[in-house]
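Report on one structure; see the data block that follows.
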Amino acid sequence: MKITSSGGSSTAKIIYDAVSGQLFYNQNGSAAGFGSGGLFATLTGAPTLSASDFVVQA
415 MKITSSGGSS
425 TAKIIYDAVS
435 GQLFYNQNGS
445 AAGFGSGGLF
455 ATLTGAPTLS
465 ASDFVVQA
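Everything in the sequence shown is counted per the working numbering, starting at 415 for the first residue and increasing by one.
This is the structure we're talking about:
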């Protein structure tokens with residue numbers, strides 16, 4: 415997980431924009447853009463989040 419406002423260039427799988435509260439899934443890793451991923455949630459009020467707030471299950 416990464417907290418940034420430039421998620422399209424991140425290698426993290428889950429990207430959180432702490433200004434807008436938007437959560438993105440980055441399907442393609444380090445390639446430009448999000449691949450087949452993208453915005454999957456917008457959290458009202460842009461709460462403070464960290465990696466420990468997520469559980470990724472395969």
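Backbone N, C-alpha and C fix where the C-beta goes; we use that ideal spot for every residue, glycine too.
(message) Taking 8 Å as the threshold (C-beta atoms), are residue 452 and residue 438 in contact?
(response) yes
(request) Would you give the residue range spanned by the beta strand (DSSP E) that residue 431 belongs to? (result) 428–431
(message) Can you tell me whether residue 455 is helix, strand or coil according to DSSP?
(response) strand
(request) Return the residue from the list 465, 458, 441 that minimises the CA-CA distance to residue 434. (result) 458
(message) Assuming the contact rule is C-beta atoms closer than 8 Å, residue 441 and residue 456 should be a hit. Round their C-beta distance to whole Å, please.
(response) Not a contact, Cβ separation roughly 19 Å.
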